[in-house]
Each structure stands twice: as C-alpha cells, then as structure tokens.
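What follows is a short report on a single structure.
There are 2 protein chains.
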Amino acid sequence: MLSKKTKYGIKALTFLARQKDNSPVQIAEIAKSENISIKFLESILLLLRHSGFLGAKKGKGGGYYLIKAPKDINMAHVYRILEGPIALLPCASHNFYEKCVDCTDEATCAVRKLMIEVRDNTLKILESNTLADIAF
Amino acid sequence: MLSKKTKYGIKALTFLARQKDNSPVQIAEIAKSENISIKFLESILLLLRHSGFLGAKKGKGGGYYLIKAPKDINMAHVYRILEGPIALLPCASHNFYEKCVDCTDEATCAVRKLMIEVRDNTLKILESNTLADIAF
DNA sequence: CTATTACCCCATCGGAATAGTAGATTATTG
DNA sequence: CAATAATCTACTATTCCGATGGGGTAATAG
Numbered sequence: 002m003l004s005k006k007t008k009y010g011i012k013a014l015t016f017l018a019r020q021k022d023n024s025p026v027q028i029a030e031i032a033k034s035e036n037i038s039i040k041f042l043e044s045i046l047l048l049l050r051h052s053g054f055l056g057a058k059k060g061k062g063g064g065y066y067l068i069k070a071p072k073d074i075n076m077a078h079v080y081r082i083l084e085g086p087i088a089l090l091p092c093a094s095h096n097f098y099e100k101c102v103d104c105t106d107e108a109t110c111a112v113r114k115l116m117i118e119v120r121d122n123t124l125k126i127l128e129s130n131t132l133a134d135i136a137f
Numbered sequence: 002m003l004s005k006k007t008k009y010g011i012k013a014l015t016f017l018a019r020q021k022d023n024s025p026v027q028i029a030e031i032a033k034s035e036n037i038s039i040k041f042l043e044s045i046l047l048l049l050r051h052s053g054f055l056g057a058k059k060g061k062g063g064g065y066y067l068i069k070a071p072k073d074i075n076m077a078h079v080y081r082i083l084e085g086p087i088a089l090l091p092c093a094s095h096n097f098y099e100k101c102v103d104c105t106d107e108a109t110c111a112v113r114k115l116m117i118e119v120r121d122n123t124l125k126i127l128e129s130n131t132l133a134d135i136a137f
C-alpha cells in the first residue's frame with residue numbers, strides 16, 4: 002500500500018503542474034485544496050525540494066514551484082524518493098537491494114522470481130509516465 | 002513492501018509443491034527448511050487451509066499438503082488471501098475498493114490514474130503465474 | 001485404551017513505522 | 001523595520017507487524 006506521504010507528494014506535484022504560470026504557491030493553499038495537513042505536507046514539500054523537484058521562495062509572495070517541466074518529471078524517480086523501493090522485496094530491488102536473511106538460495110527462490118517479474122513491469126509503467134501524463 | 006506473512010506463505014506453498022508425493026509435511030519441517038518461526042508459520046498455514054489451498058492431517062504422520070495441483074493455484078488468488086489488495090491505493094482496488102476521504106474528485110485524481118495502471122499490470126502478472134510456474 | 005503427535009486457538013508484546021503536532025528560527029519583500 | 005512564509009528541530013500518539021507462549025483438542029499407532 003502506498004503511504005500517505007507518497008500520495009500527498011504526488012498530489013502536490015500535480016497541483017503545481019496544473020498551475021497556469023509557475024509562480025510560487027504557498028503550502029497552505031496546496032494543503033487546503035488537496036485536504037492535507039499543513040505540517041505534514043510541509044515535510045513532504047521539503048523533501049521534494051531537497052530532491053531537486055521543487056524550488057522554494059521564502060517571505061512574502063513565497064511558496065513552492067516546480068523546477069523542471071512536468072513532462073521531464075519521471076514518476077519512477079518521484080516514487081523512489083517518496084516511497085522508496087519499487088520492488089516488493091529488498092532482494093528483488095535494483096536501487097535498494099538487500100539480501101534476505103532467511104533465504105538460503107536466491108536462485109531457486111520462487112517468491113523472488115515472481116517479485117522480480119512484478120517489479121520489472123511496475124517499473125516500466127512508472128518510467129513511461131511523466132508528471133505531465135498523469136496531471137492532464 | 003511484501004509482508005513476511007505473504008513471503009513465508011508463498012515459500013511454504015512452494016516447498017509443498019516441490020515435494021515428490023503429496024503426503025503430509027509437518028510444520029516443523031517446512032519451518033526449518035525455510036528458516037521461519039514455527040509458531041508464525043503455523044498461523045499462516047492455518048489461513049491457507051481455511052482458504053482452501055491446503056489440507057491438514059492430524060496425529061502421527063500428519064501435516065499439511067496441497068489440495069489442488071500447483072498448476073491450478075493462481076498467484077493473484079494467493080496474494081489476495083495473504084497480503085490483501087493488489088492495488089496500492091484502496092480507491093484503485095477491485096476487490097477491496099474504498100473511497101479516499103481526502104479526495105474530492107476521483108475522475109481527476111492523478112495518483113489514482115497512475116495507480117490503476119500499475120494495478121492492472123501487476124494483476125496481469127500475478128494472474129498469469131501459477132504455483133507451478135514459480136516453483137519449477 | 002493410552003500415549004504420542006501435531007493441529008488449533010487465544011492472548012500478549014516489543015519495536016518499528018506512520019501520520020500528525022508544536023514551537024522557534026531564518027530569509028525575503030515592501 | 002515589520003509582516004510574511006519557508007525552514008528546522010523535536011516530540012507524540014497510534015497502528016501494525018512479526019513473533020512468542022500457553023493451553024487445549026483431535027487423530028493415530030500400538
């Protein structure tokens with residue numbers, strides 16, 4: 002299941018992508034429109050800024066804005082930042098690989114085999130979608 | 002991320018599928034071979050029995066055994082029993098549908114749109130795999 | 001019948017992660 | 001400077017997962 006963090010994060014990105022111009026939007030405005038707790042959203046936007054998706058402007062007339070064009074924002078990238086691994090098992094992950102402690106032989110592990118197949122496919126979907134694809 | 006419950010459940014099913022004959026296998030034997038806590042595995046096997054995947058025989062020489070042939074055990078079905086919804090969001094689920102409380106309009110929700118696409122694809126993968134496919 | 005073996009149910013429990021909260025600080029604009 | 005809005009630190013409540021332990025019950029061998 003997707004965490005609310007990821008869900009809210011994508012919603013916020015979508016909201017920003019749907020703005021007419023790219024001028025800063027305040028946290029409170031996004032939070033109100035998407036029904037998200039302001040403080041929780043705050044931490045998510047901060048993460049997205051540190052990850053290079055958003056820019057922020059402090060003070061009057063400040064807020065958050067997209068740094069790149071929606072069509073250049075890859076959803077697999079967003080997903081990895083917000084949610085973490087795309088794979089459902091650490092041993093089936095590319096970017097977050099970790100060996101299972103209970104597993105004696107990865108080569109014959111049926112669960113891993115299945116989850117790699119799922120992962121490859123999910124990744125393909127996420128990579129083929131940009132923020133522009135899902136926002137409009 | 003896949004819960005250990007699901008992981009262990011699939012591993013146990015695989016172990017049973019790989020048996021030469023279909024005679025009962027003791028919990029302890031499966032647990033030892035797959036490095037799973039006996040008590041935890043016990044509850045999982047019980048669930049799988051109640052869900053119609055396994056049969057159990059009590060007393061000396063007892064244990065668990067597959068009721069259906071591995072090729073007739075659908076992994077999407079197994080997944081739903083052990084893990085729950087295949088979709089990453091309740092609002093994108095067929096069998097476990099639930100409306101998001103924060104969502105004002107499902108039709109324009111970008112997250113939902115993306116997650117439905119992911120779901121459809123994951124489902125296709127899981128449905129096209131049987132226990133026989135992943136065990137051998 | 002009786003001992004043995006193994007399934008079955010219930011209650012609990014620590015730890016990690018999630019979701020959200022509070023308050024102080026820093027930077028910008030006018 | 002004064003108002004505004006992002007930033008940072010720290011904290012808390014809740015939920016869930018994985019696991020454990022005890023005790024009971026049913027089936028089988030001999």
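Those protein sequence lines, which keep their order, are chains A and B. Following my numbering, the numbering of the first sequence begins with 2 at its first residue and continues without gaps. Following my numbering, the numbering of the second sequence begins with 2 at its first residue and continues without gaps. C-beta: ideal position from N, C-alpha, C; glycine also.
1) If you draw a straight line from the alpha carbon of F16 (chain A) to that of L127 (chain A), how long is it in whole angstroms?
2) With G10 (chain A) as the anchor, note down where its alpha helix (DSSP H) starts and where it stops.
3) CA-CA distance, S129 (chain B) and M76 (chain B)?
4) Roughly how many angstroms separate the alpha carbons of L90 (chain B) and K58 (chain A), rounded to a whole number?
5) Could you give the DSSP three-state label for V26 (chain B): helix, strand or coil?
6) How many Å lie between L3 (chain A) and V119 (chain B) at the Cα?
7) Whether or not the region 100-113 of chain B and the region 8-15 of chain A are in contact is what I'm after, with contact meaning three or more pairs of Cβ atoms, one per stretch, closer than 8 angstroms; do they touch?
8) Does the beta-carbon of S94 (chain A) have 16 or more other beta-carbons within 10 angstroms, so that it is buried, or is it exposed?
9) With 9 angstroms set as the bound, which would you pick, yes or no: does the beta-carbon of V102 (chain B) sit closer than that to a beta-carbon of chain A?
10) 9 angstroms is my cut-off, CB to CB: does P25 (chain B) come that close to chain A?
11) Comparing the C-beta of E118 (chain B) with each C-beta of chain A, is any distance below 9 angstroms?
12) So that I know if they touch, is there some Cβ in chain B lying closer than 9 angstroms to that of I74 (chain A)?
13) Hey, would you say F41 (chain B) sits closer than 9 angstroms to K5 (chain B), going by beta carbons?
14) Leaving out five residues on either side along the sequence, give the residues of the same chain with a beta carbon under 6 angstroms from the beta carbon of A18 (chain A).
15) My understanding is that A88 (chain B) touches L46 (chain B), with C-beta atoms under 8 angstroms, so please give their C-beta distance in whole angstroms.
16) By Cβ distance below 6 angstroms, which residues in the same chain neighbour I37 (chain B) in space, the five residues on each side in sequence not counted?
17) Determine the chain B residues that contact N140 (chain A) at a beta-carbon separation under 9 angstroms, and present them in chain order.
18) At what residues does the beta strand (DSSP E) containing Y80 (chain B) begin and finish?
19) Between which two residues does the alpha helix (DSSP H) carrying A136 (chain A) extend?
20) Give me the Cα-Cα distance between L124 (chain A) and N96 (chain A), rounded to the nearest whole angstrom.
21) Drop a sphere of 10 angstroms on the beta-carbon of G64 (chain B), count the other beta-carbons inside from all chains shown, and report buried for 16 or more, exposed for fewer.
The relevant details are as follows:
1) 19 angstroms
2) For G10 (chain A), the enclosing alpha helix (DSSP H) covers residues 5-18.
3) 8 angstroms
4) 32 angstroms
5) strand
6) So the two alpha carbons sit approximately 12 angstroms from each other.
7) They touch, by the three-pair rule.
8) buried
9) yes
10) Interface with chain A (9 angstroms Cβ-Cβ cutoff): P25 (chain B) is excluded.
11) yes
12) no
13) Contact flag set, yes.
14) P71, L132, A136
15) At roughly 27 angstroms, the Cβ-Cβ gap does not stay under 8 angstroms, so A88 (chain B) and L46 (chain B) are not in contact.
16) Result list for I37 (chain B): Y9, in chain order.
17) Residue coverage of chain A in this structure runs from 2 to 137, which leaves residue 140 (chain A) outside it and unanswerable.
18) Y80 (chain B) -> not in any beta strand (DSSP E); alpha helix (DSSP H) instead, spanning 76-83.
19) It spans 132-136 - the alpha helix (DSSP H) in which A136 (chain A) sits, taken as one unbroken run.
20) 12 angstroms
21) buried
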